[in-house]
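Number of protein chains: 2
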Amino acid sequence: MSNVKVKIALADDHTLFRKGMISLIQMVNNSHEILFEADNGIEVQHKIDPLSLPDIMLIDVNMPVMDGYATVDWLKLHHPSVKVLVVSMIQDEESIMRMIKLGVKGYLSKDVEPEELKNAIAAITSKGFYYTDYITGKLVHSLQQEEDYAQKDALIPLNAKEKEFIKMACSEFTYAEIAQRMNLSPKTIDGYRLSVFEKLGVKSRVGLAIYALRNGMAR
Amino acid sequence: MSNVKVKIALADDHTLFRKGMISLIQMVNNSHEILFEADNGIEVQHKIDPLSLPDIMLIDVNMPVMDGYATVDWLKLHHPSVKVLVVSMIQDEESIMRMIKLGVKGYLSKDVEPEELKNAIAAITSKGFYYTDYITGKLVHSLQQEEDYAQKDALIPLNAKEKEFIKMACSEFTYAEIAQRMNLSPKTIDGYRLSVFEKLGVKSRVGLAIYALRNGMAR
DNA sequence: AAAAAAAACAGGGAAAACCCTGTAAAAATT
DNA sequence: AATTTTTACAGGGTTTTCCCTGTTTTTTTT
Chain A
7 MSNVKVKIAL ADDHTLFRKG MISLIQMVNN SHEILFEADN GIEVQHKIDP
57 LSLPDIMLID VNMPVMDGYA TVDWLKLHHP SVKVLVVSMI QDEESIMRMI
107 KLGVKGYLSK DVEPEELKNA IAAITSKGFY YTDYITGKLV HSLQQEEDYA
157 QKDALIPLNA KEKEFIKMAC SEFTYAEIAQ RMNLSPKTID GYRLSVFEKL
207 GVKSRVGLAI YALRNGMAR
Chain B
7 MSNVKVKIAL ADDHTLFRKG MISLIQMVNN SHEILFEADN GIEVQHKIDP
57 LSLPDIMLID VNMPVMDGYA TVDWLKLHHP SVKVLVVSMI QDEESIMRMI
107 KLGVKGYLSK DVEPEELKNA IAAITSKGFY YTDYITGKLV HSLQQEEDYA
157 QKDALIPLNA KEKEFIKMAC SEFTYAEIAQ RMNLSPKTID GYRLSVFEKL
207 GVKSRVGLAI YALRNGMAR
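Residue numbers (the numbering used here), protein chains in the order written: chain A, 7 to 225; chain B, 7 to 225.
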């Protein structure tokens, strides 16, 4: 650990919890400096000093006025160098994924041991992130869900021409232009249109395009 | 660790590497049983015994005839209980993400210390997965890339009604139905259509839907 | 209060998409 | 070789989308 103090700031609407965290952080050793604390995102915006940005910000998800998501989003845009460690009671996959996608460097439960909080801050300082097994598990699970969802198409038998037609339909070409490009008559294309509409259960070309994009049949 | 041996199988086209791995695994302690080894995915399909499935399969990405992806995909479908640990020289984000999405429980480089291989097998056996910091980093990075890509829309000034229209247009409603639902005349909707077409540079409703989905303006 | 800008609406027409029913040729089955 | 299935294609009509040129009403600015 270097001789420069790690600068930390906190955003959490529960004063008692916030004060507790601060005392915990300072108890560990004196290599951490608390820059400021805030009740919510708006206060963060006012209290943050561009000339002395925190290295790490501990942020809660649930806060009044401006919640954790909005706060992280704002930080990402205005002070991207600030590394965010979420500390929240909320542990559901959706919140975790949303925060990870916003670029947070760690996500802890509020009932972890003080030791783990220390480890998290140390890891984020040294290698840039700290994801527990729980978080990693959620992350991977979510990815696989997406993928599984995107593969029900294998259940619907579509031949090569139909798949090609679907890809072509996900564009601004007219059916007449698609016919040209596939060397088929517009009437044949109309036949493919009808058959894929029925197979996929869509009622319009827009519906088809949406279905295809959502299910990875076209990019 | 229980008294039942952990059953392991390997798929890698490099015989020497495979043999080395086996000796390493058996050297650790005698709690591991090697069920079989295979040159590629096809051999896995033939050698695997549904009555005595491996707990963990070590699989390489690059293999002739049937590669790692196809092998994992096959295992996922036919023997989902088999936990896959990828061991490969390939370490790029795309391969890693593809394998993770296929549900592999770990991904190691071929030049890790034997100690880490041991840890990985132990972790997968006990808690179900083993992702190194490197893999976790790639995972999170890939997620954030996706999200960043999906947010350039803020650059184009669209008012609330236009955004609502775009969402509605990403459906199978006709413009007349959209007009009803937004309590506006079809002719007004036609005006919104023209203005968003121009702002987003699209030429048809399908083009609009594709643009909106790709840029996160509609789900 | 007047001027300017934005939002809502309209007529009308051409092009594209949609949706029937039906036929001819090629390919696969038997 | 005969039959069935699949693929390719057509006529013709309805609806929807697209696109042009406007007017009226509401909101914002000065």
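All residues carry an ideal CB built from backbone N, CA and C; glycine is no exception.
Every value quoted in this text rests on a predicted model; they were computed, and no experiment measured them.
In or out: residue i buried (at least 16 other Cβ within 10 Å) or exposed?
{"i": "Glu152/B", "result": "exposed"}
{"i": "Ala182/A", "result": "exposed"}
{"i": "Met72/B", "result": "buried"}
{"i": "Leu214/A", "result": "buried"}
{"i": "Arg211/B", "result": "buried"}
{"i": "Thr21/B", "result": "exposed"}
{"i": "Val10/A", "result": "exposed"}
{"i": "Asp196/A", "result": "exposed"}
{"i": "Gly109/B", "result": "buried"}
{"i": "Pro70/A", "result": "exposed"}
{"i": "Arg225/A", "result": "exposed"}
{"i": "Arg187/B", "result": "exposed"}
{"i": "Leu83/B", "result": "exposed"}
{"i": "Met105/A", "result": "buried"}
{"i": "Lys144/A", "result": "buried"}
{"i": "Leu200/B", "result": "exposed"}
{"i": "Met63/B", "result": "buried"}
{"i": "Leu123/B", "result": "buried"}
{"i": "Asp98/B", "result": "exposed"}
{"i": "Met33/B", "result": "exposed"}
By DSSP, does residue i sit in helix, in strand, or in coil?
{"i": "Ala224/B", "result": "coil"}
{"i": "Val208/B", "result": "coil"}
{"i": "Val92/B", "result": "strand"}
{"i": "Met63/A", "result": "strand"}
{"i": "Tyr136/A", "result": "strand"}
{"i": "Asp73/A", "result": "coil"}
{"i": "Ser201/A", "result": "helix"}
{"i": "Glu183/A", "result": "helix"}
{"i": "Glu178/B", "result": "coil"}
{"i": "Ser87/A", "result": "coil"}
{"i": "Leu81/A", "result": "helix"}
{"i": "Leu214/A", "result": "helix"}
With respect to the alpha helix (DSSP H) encompassing residue i, which residues constitute its N-terminal and C-terminal limits?
{"i": "Ile246/B", "result": "Given a span of 7 to 225 for chain B in the structure shown, any question on residue 246/B remains unanswerable."}
{"i": "Gly26/A", "result": "Thr21 to Val34"}
{"i": "Ile102/B", "result": "Glu99 to Lys107"}
{"i": "Pro120/A", "result": "Pro120 to Lys133"}
{"i": "Ile162/A", "result": "Per DSSP, Ile162/A belongs to no alpha helix (DSSP H) and is neither H nor E."}
I need the boundaries of the beta strand (DSSP E) containing residue i, first residue and last residue.
{"i": "Lys13/A", "result": "Val12 to Ala17"}
{"i": "Leu190/A", "result": "Here Leu190/A belongs to no beta strand (DSSP E), and DSSP marks it neither H nor E."}
{"i": "Phe42/B", "result": "His38 to Ala44"}
{"i": "Tyr113/B", "result": "Gly112 to Ser115"}
Give me the residue from the options with the minimum Cα distance to residue i.
{"i": "Asp45/B", "options": "Gly197/B, Asn68/B, Glu122/B and His38/B", "result": "Asn68/B"}
{"i": "Thr77/B", "options": "Ile54/B, Glu99/B and Gln97/B", "result": "Ile54/B"}
{"i": "Phe42/B", "options": "Asn36/B, Ile28/B, Asn35/B and Lys116/B", "result": "Ile28/B"}
{"i": "Ile48/A", "options": "Gly74/A, Arg199/A and Val208/A", "result": "Gly74/A"}
{"i": "Met95/B", "options": "Asp117/B, Lys111/B and Met103/B", "result": "Asp117/B"}
{"i": "Ser115/B", "options": "Leu59/B, Trp80/B and Tyr137/B", "result": "Tyr137/B"}
{"i": "Leu13/A", "options": "Ala215/A, Glu39/A, Leu22/A and Gly207/A", "result": "Before going on, a small fix: residue 13/A reads as Lys here, not Leu. Here the closest residue by C-alpha is Glu39/A."}
{"i": "Phe135/B", "options": "Leu91/B, Val34/B, Glu99/B and Lys144/B", "result": "Leu91/B"}
{"i": "Lys205/A", "options": "Cys176/A, Met174/A and Asn165/A", "result": "Asn165/A"}
{"i": "Lys89/B", "options": "Met103/B, Pro60/B and Val202/B", "result": "Pro60/B"}
{"i": "Val50/B", "options": "Asn35/B, Ser37/B, Asp66/B and Asn36/B", "result": "Asp66/B"}
{"i": "Pro56/A", "options": "Ser87/A, Ile31/A and Gln32/A", "result": "Ser87/A"}
{"i": "Lys111/B", "options": "Asp139/A, Gly207/A, Ser132/A and Met103/A", "result": "Asp139/A"}
{"i": "Ile130/B", "options": "Pro120/B, Val146/B, Glu119/B and Tyr113/B", "result": "Tyr113/B"}
Mind checking the region 103–130 of chain B against chain A and listing, in chain order, the residues whose C-beta falls within less than 7 angstroms of any C-beta there?
Ile106, Lys107 and Gly109
Check each residue of the region 63–77 of chain B: if its Cβ is closer than 7 angstroms to any Cβ of chain A, include it; give the result in chain order.
none
With 8 angstroms as the C-beta to C-beta threshold (strictly closer), list the residues of the region 138–154 of chain B near chain A in chain order.
Asp139, Thr142, Gly143, Leu145, Val146, Leu149, Gln150, Glu152 and Glu153
Under 9 angstroms (Cβ pairs) to chain A, residues found in the region 196–216 of chain B
Val208, Lys209, Ser210, Arg211, Val212, Gly213, Leu214, Ala215 and Ile216
Give, in chain order, every residue of the region 178–197 of chain A whose Cβ lies closer than 7 angstroms to some Cβ of chain B.
Glu178
What are the residues of the region 17–35 of chain B that lie near chain A, defined by any Cβ-Cβ distance shorter than 7 angstroms?
none
Tell me which residues of the region 86–104 of chain B have at least one Cβ-Cβ distance to chain A shorter than 9 angstroms, keeping chain order.
Met103
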